[in-house]
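Visitor: The listed protein sequences correspond, in order, to chains A and B. Going by this note's numbering, 1181 is the number at position 92 of the first sequence; the sequence numbering is gapless. Going by this note's numbering, 70 is the number at position 1 of the second sequence; the sequence numbering is gapless.
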Amino acid sequence: MKGRSFFILILVLLVSFACRNSSSKKAEFVFPEADTIPIGEAEKLSAEAIDEIAKNIASPVEIANLLQSLAVPFSPDYLASSIDANKQSTSFDKALTLGILGADLGYLNMYEKTGSSIDIVSSIRKLAEGISVGQFFDFETIKRLSLNKSDLDSLLFMSIDSYSQIDEYLRENNRGQLSALMIIGVWLEGQYLATQVMTEYPDPVLRDRIGEQKIILNDLIMLAKPYCNRDSEFGNLCRDLQDIKDKFRDVRITYTLGEPVSKEVNGALVVEQTETSQVEMTDVQLAGIIAITKNVRNKLIANN
Amino acid sequence: MKRHFFTLLLLVSAVFILNGQSTDQLVTSCVMNAGPNCKYLKDFRIQLAQAPSAGEMRYKAQMSLWKNTKYKFSMCTADDSKGELILTIKNDANQVVLSSFDQKTGKTYKSVELTCNRSGIYQLSFDFKDGQQGSGVGVVSMIK
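1. Can you pull out the residues from the stretch 1277–1305 of chain A whose beta carbon lies closer than 8 Å to at least one beta carbon of chain B?
2. Reducing DSSP to helix, strand and coil, say where residue 155 (chain B) ends up.
3. Helix, strand or coil: which one does DSSP assign to residue 1369 (chain A)?
4. Which bits of chain B does residue 1249 (chain A) rub up against, with CB to CB less than 8 Å?
5. Would you mind reading off the limits of the alpha helix (DSSP H) that contains residue 1353 (chain A)?
6. What three-state label does DSSP hand residue 125 (chain B) in the structure shown?
7. So, for residue 153 (chain B): in the same chain, excluding its five sequence neighbours on each side, which residues have a beta-carbon less than 7 Å away from its beta-carbon?
8. Quick one: what does DSSP say residue 1163 (chain A) is sitting in, helix, strand or coil?
9. Please report the straight-line C-alpha distance between residue 1271 (chain A) and residue 1278 (chain A), rounded to a whole angstrom.
10. When burial is assigned at 16 or more other CB atoms within 10 Å of the CB, is residue 1230 (chain A) buried or exposed?
11. Counting Cβ pairs, one atom from each stretch, are 3 or more of them under 8 Å apart for the stretch 1380–1390 of chain A and the stretch 1360–1369 of chain A?
12. Return the residue from the list B:174, B:99, B:135 that minimises the CA-CA distance to residue 148 (chain B).
13. Could you list which residues in chain B have their beta carbon closer than 7 Å to that of residue 1066 (chain A), in chain order?
14. Does the stretch 1316–1323 of chain A come within contact of the stretch 1287–1294 of chain A, defined as at least 3 CB pairs closer than 8 Å?
15. Which of helix, strand or coil does DSSP assign to residue 1211 (chain A)?
16. Can you tell me the Cβ-Cβ gap for residue 210 (chain B) and residue 143 (chain B), rounded? I've got them flagged as a contact below 8 Å.
17. Are the C-beta atoms of residue 126 (chain B) and some chain A residue less than 7 Å apart?
18. Tell me whether residue 1226 (chain A) sits in a helix, a strand or coil according to DSSP, three-state version.
19. Looking at the C-beta of residue 1362 (chain A), does it have a partner C-beta in chain B at a distance below 7 Å?
20. From which residue to which residue does the alpha helix (DSSP H) around residue 1260 (chain A) run?
21. Step through the CB atoms of chain A and report whether any lies within less than 7 Å of the CB of residue 140 (chain B).
22. Assign residue 1237 (chain A) to one of two classes, buried (16 or more other C-beta atoms within 10 Å of its C-beta) or exposed (fewer than that).
23. Give me the chain B residues within the contact set of residue 1154 (chain A), using Cβ-Cβ distance strictly less than 7 Å, ordered along the chain.
24. Can you tell which of B:132, B:119, B:185, B:130 has the C-alpha that lies nearest to the C-alpha of residue 1359 (chain A)?
25. Please report the distance separating the alpha-carbon of residue 1323 (chain A) from that of residue 1283 (chain A).
26. Determine, for residue 136 (chain B), whether the minimum Cβ-Cβ distance to residues of chain A falls below 7 Å.
27. Assign residue 162 (chain B) to one of three DSSP states: helix, strand, or coil.
28. How should residue 181 (chain B) be labelled, buried or exposed, when 16 other C-beta atoms within 10 angstroms of its C-beta is the threshold for buried?
29. Tell me which residue opens and which closes the beta strand (DSSP E) that residue 1361 (chain A) is part of.
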């Protein structure tokens, strides 16, 4: 009798696991979608909103790709090389630095300077371990892929995927403030990279990309907002983000409407937008954005 | 009884491991098969039950797309799915920019390339054809 009940139990368990694949709600185990923010702060920003904001932030890989397409040469001077992972004492510093170095890693990988990225990869591991998310960063594989330049695609995927997993894990475990810091760090370093290149290699496309950040800046501020009164570090960061926003206030983004044009090419669908966006930004406004980005980024790095 | 317990533990662990592996394999293969000159940006992992009735696409996410960038959206469906994964993208004015499912011909495209000329936040909606059950991954790459 005992044995029969036992096998029924096994059957029930197996069926229930198999059913995961056919249920949208339970699917979260395999394809995590849910996220949370600290209790009591949920009313300020829904978990769904945080998830969406996190996905809206431009990838540093996109910025690096833009720089490459403009034939901008690689320069190690743009990197936050002065950061010492061993000196990051607070979770705030560790998470923010994790974001900054993540953007630098994207830049190095896109320019295929993977051999030089080992130091950054080591620092990222230390920082990730420092906030107990080291398990999502497969250091050995990333290091191997970095040294073996032949598999850049796998390296890019693994690096970005590690960051996505860290971000999701932090939010799922009520550590949304660290996720917010990481995302802000990635954005800030990407914007720093773009603005610094702009001063040396002015280009209208790059100029527009800098101005277009107005589209997501508000979201970024919303992401930090629930934590602005948490401590002085967050308070200062929120003020810095507000200062950056102020510099974007008079930048105008306008749209020209148009229907997308679709055609089939070799069995794939190819779509071209005829709808366009335009950025109106004066030289003074651009100079203000470049200066504030540099100040904020360098201040955060100096603190570290 | 002890032996049965360990058998149970082993079976349960195996289900967990195999489940995770198949997901990871689908994502990895979808990313690696995106095509030449494609650089991975993001992926969306989707798992949906059969819809009570066909209607609105059920998995929604937002993503910023930037002007002067060519994107590729690859849809990969797990073998045990009943329907094929499809994607529709709308702009912030709720206008359809692209759909991987052509309602006129009934054709489903496994990938769609988009030349983005308007920077903004777009809504990506995924579902399985006719609201069927399935699991899959939508990979967003940038074409260099």
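Quick reminder that beta carbons are idealized off the backbone N, C-alpha and C, glycines included.
Guide: With the structure as the only source:
1. 1294, 1297, 1298, 1301, 1304, 1305
2. Your numbering for residue 155 (chain B) matches position 86 in the second sequence. Here residue 155 (chain B) sits in strand by DSSP.
3. Within the first sequence, numbered from 1, the residue matching residue 1369 (chain A) stands at position 280. It is a strand residue.
4. For the purposes of this step, residue 1249 (chain A) is identified with residue 160 of the first sequence, where counting begins at 1. Near residue 1249 (chain A) (Cβ distances below 8 Å), the residues of chain B are 109, 110, 111.
5. Translated into positions along the first sequence, residue 1353 (chain A) becomes position 264. Taken as a continuous stretch (DSSP letters only), residue 1353 (chain A) belongs to no alpha helix (DSSP H), being part of the beta strand (DSSP E) at 1350–1354.
6. In the second sequence, the residue the question calls residue 125 (chain B) occupies position 56. Coil, per DSSP.
7. Within the second sequence, the letter at position 84 stands for residue 153 (chain B). Answer for residue 153 (chain B): 146, 177, 197, 198, listed in chain order.
8. Within the first sequence, numbered from 1, the residue matching residue 1163 (chain A) stands at position 74. Correct three-state label for residue 1163 (chain A): coil.
9. Within the first sequence, numbered from 1, the residue matching residue 1271 (chain A) stands at position 182. Within the first sequence, numbered from 1, the residue matching residue 1278 (chain A) stands at position 189. Answer to the nearest angstrom: the Cα atoms are 11 Å apart.
10. By one-based count along the first sequence, residue 1230 (chain A) stands at place 141. That one is exposed.
11. By the Cβ test, the stretch 1380–1390 of chain A is not in contact with the stretch 1360–1369 of chain A, since fewer than three Cβ pairs between them sit closer than 8 Å.
12. What you label residue 148 (chain B) is simply residue 79 of the second sequence in a count that begins at 1. Closest by alpha carbon: B:99.
13. This structure cannot speak to residue 1066 (chain A), because chain A is shown only from 1090 to 1393.
14. With the cut-off at 8 Å, the stretch 1316–1323 of chain A and the stretch 1287–1294 of chain A do not touch.
15. Looking up residue 1211 (chain A) in the first sequence gives position 122. The answer is helix: DSSP assigns residue 1211 (chain A) an H, G or I state.
16. As a position in the second sequence, residue 210 (chain B) is number 141, starting the count at 1. As a position in the second sequence, residue 143 (chain B) is number 74, starting the count at 1. That pair is a contact at about 7 Å.
17. In the second sequence, the residue the question calls residue 126 (chain B) occupies position 57. At a cut-off of 7 Å between beta carbons, residue 126 (chain B) makes no contact with chain A.
18. Working through the first sequence from its first residue, we reach residue 1226 (chain A) at position 137. DSSP places residue 1226 (chain A) in coil when its eight states are reduced to three.
19. Here residue 1362 (chain A) refers to the residue found at position 273 of the first sequence. Yes - at least one Cβ of chain B is within 7 Å of the one on residue 1362 (chain A).
20. In the first sequence, the residue the question calls residue 1260 (chain A) occupies position 171. It spans 1241–1261 - the alpha helix (DSSP H) in which residue 1260 (chain A) sits, taken as one unbroken run.
21. Stepping through the second sequence from its first residue, residue 140 (chain B) is reached at position 71. Output row for residue 140 (chain B): interface = no.
22. As a working mapping, residue 1237 (chain A) is identified with position 148 in the first sequence. Exposed.
23. By 1-based counting over the first sequence, the position of residue 1154 (chain A) is 65. Result: 108, 211, 213.
24. For the purposes of this step, residue 1359 (chain A) is identified with residue 270 of the first sequence, where counting begins at 1. Closest by alpha carbon: B:185.
25. In the first sequence, residue 1323 (chain A) corresponds to position 234, counting from 1. In the first sequence, residue 1283 (chain A) corresponds to position 194, counting from 1. Spanning the two alpha carbons is a distance of roughly 25 Å.
26. Numbered from 1 along the second sequence, position 67 holds the residue referred to as residue 136 (chain B). For residue 136 (chain B), the answer is yes, since a Cβ of chain A falls inside 7 Å of its Cβ.
27. Indexing the second sequence from 1 puts residue 162 (chain B) at position 93. Reduced to three states, the DSSP call for residue 162 (chain B) is coil.
28. By one-based count along the second sequence, residue 181 (chain B) stands at place 112. When all chains shown are included, residue 181 (chain B) counts as buried.
29. The count along the first sequence starts at 1 and reaches residue 1361 (chain A) at position 272. Taken as a continuous stretch (DSSP letters only), the beta strand (DSSP E) holding residue 1361 (chain A) covers 1357–1361.
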